[in-house]
Amino acid sequence: MAFDAYKFTVPENKRFRVIVNTDCKNEADDQFALAHHLMTPKFDVRGIIAAHFEAKADEGKGESMQKSYDEILKVLELMDLTGQYPVLKGAPGPLPYDPAKAIRYNEGPEIPLMEQPQPVVSEGAQFIVDEAMREDDRPLFVVFLGAITDLASAYLMEPRIAGRLTAVWIGGGEYPAGEFEFNMYQDIQASNIVLGSEIDFWQIPKNVYKMLRVTLAELQCRVAPHGKIGQYLFEQLVQYNDDYAWQQHWPQGESWNLGDQPTVSVLLEAHECEWEWWPAPLVSKDMYYVHHQNNRPIRVFKSVDSRMTLEDFYCKLQLNYGQK
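In the UniProt record's numbering, the protein residues as written are 1 to 324.
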């Protein structure tokens, strides 16, 4: 399917390359974010990489990346995009880690980072390396909507990618302290490798990605009516909401958070989102930030424009998949 519903064009000098790395079957918002990236004409999506979510309570069997891979293919099929993008398999699990070999700074907390970490070589990590090293004057952004294992692996495989891409990550706790955060928990050592590298890095922490709150009634009106993909996005989220009803603390019952879509927000209008420079910290095993490591500065977002992000998604879905 060609996205020809737009009555505008994005000038070629404003477009850039994007790789989407997603744990697409982890929760119910991942599919929304993938669809949003694909419908955005400013992005030349070069490929989609399936990420693992092995540290989830009911996973850990080495199957989560394959579930993400299968879900990516399903989303593409429902969007009439089968075969139009390379879909790559990422690491089936986190980087190998031995706590006995962890680095400690000034007898401080354990930092999950070995002196000689090894990559998990995968076709996804290799795709990142190949696209970064390819001769192309356009900027390359690699967005990570889950574990950051594949970026750490790509960097360990070819450190020169550090000067040839910008990574945008949904993950980590609020600054300055940090806290438990699901995406970081999937591979804390990978987070430390990336934070300690020279990779141009934009971080969208938990307090920011939680800003994209929606209600199920809102999604029933704005998403469900628009094609097979809209119906599926809504129905699978409702099903997930029902499946986890036994948990008292989450989900809330008739609301959700589309927490993976701020990667679209910051790439559409980065200067409209509030951010600041932080020297990159390292991360303890409890996911608290360890500062003063003299690492290079990273861009840490403090807010995103939720109105622009959600309305952009709703409008693109209606324009491309609504009744003509």
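No residue lacks a Cβ here, since even glycine has one placed at the ideal position from N, Cα and C.
The model shown is predicted, which means the values in this text are computed figures rather than measured ones.
Check	Outcome
Pro297 burial status per 10 Å Cβ neighbour count (16 or more: buried)	exposed
Selection from Val304, Leu156, Lys74 that minimises the alpha carbon distance to Lys206	Val304
Cβ-based burial, His214 [other Cβ within 10 Å; buried from 16]	With the sequence shown as reference, residue 214 is identified as Val, and His is not the correct amino acid for it. Val214 should be labelled buried.
Euclidean distance between Cα positions of Leu319 and Val223	11 Å
At least three beta-carbon pairs within less than 8 Å, the region 99-117 to the region 16-32	no
Euclidean distance between Cα positions of Glu269 and Val75	26 Å
C-alpha gap between Gln186 and Met287, whole angstroms	11 Å
Validate contact between the region 134-146 and the region 105-120 using beta carbons, cut 8 Å, 3 pairs	no
Extent of the continuous alpha helix (DSSP H) to which Met133 belongs	123-133
Member of Glu135, Trp278, Asp29 whose CA lies at the smallest distance from the CA of Phe234	Asp29
Between the CA atoms of Glu77 and Lys324 - distance to the nearest angstrom	20 Å
Those residues which DSSP pairs with Asn294 across a bridge	Per DSSP, none; premise fails for Asn294.
Residue burial classification, Gly322 (beta-carbon count within 10 angstroms, cutoff 16)	exposed
Integer-rounded CB distance, given that Ile193 should sit under 8 Å from Ala245	That belief does not hold up - the Cβ atoms of Ala245 and Ile193 are roughly 38 Å apart, past 8 Å.
Within the region 45-110, ranges of the beta strand (DSSP E) (whole runs, at least 3 residues)	87-89, 102-104
Identified DSSP bridge partners for Phe288	Checking the sequence, you will find Tyr at residue 288 rather than Phe. DSSP output for Tyr288 lists Gly178 as bridge partner(s).
Beta strand (DSSP E) segment containing residue 334, residue limits	Residue coverage of the chain in this structure runs from 1 to 324, which leaves residue 334 outside it and unanswerable.
Per DSSP, the bridge partner or partners of Asn26	According to DSSP, Asn26 bridges with nothing at all.
Rounded distance between the beta-carbons of Ile204 and Val283, thought under 8 Å	Incorrect: roughly 16 Å between the Cβ atoms, too far for contact.
7 Å Cβ shell around Val300 - same chain, five flanking residues per side excluded	Tyr175, Gln203, Pro205, Trp275, Glu276, Trp278
Rounded C-alpha distance that separates Asp243 from Ala217	18 Å
Residues sharing a beta bridge with Asn257, DSSP	Arg213
For Ala51 and Met65, believed in contact at Cβ under 8 Å, the rounded distance	6 Å
Contact under 7 Å by Cβ, residue 327 with Leu95	Absent from the structure is residue 327, since the part of the chain shown begins at 1 and ends at 324.
Rounded straight-line distance, which links the Cα of Ala154 to that of Ala125	5 Å
First through last residue of the beta strand (DSSP E) which encompasses Thr166	166-170
Identity of the residues DSSP links to Arg17 by a beta bridge	Asp44, Leu140
Distance cut-off 6 Å: Val142 Cβ against heavy atoms of the ligand SAH	Ligands displayed in this structure: none; no statement on the ligand SAH is therefore possible.
Beta-carbon spacing of Phe127, Leu156 below 7 Å	no
Selected residue, minimal CA-CA separation from Asp200, among Leu258, Leu165, Lys285	Leu165
Cβ pair Leu317, Gly230 closer than 7 Å	yes
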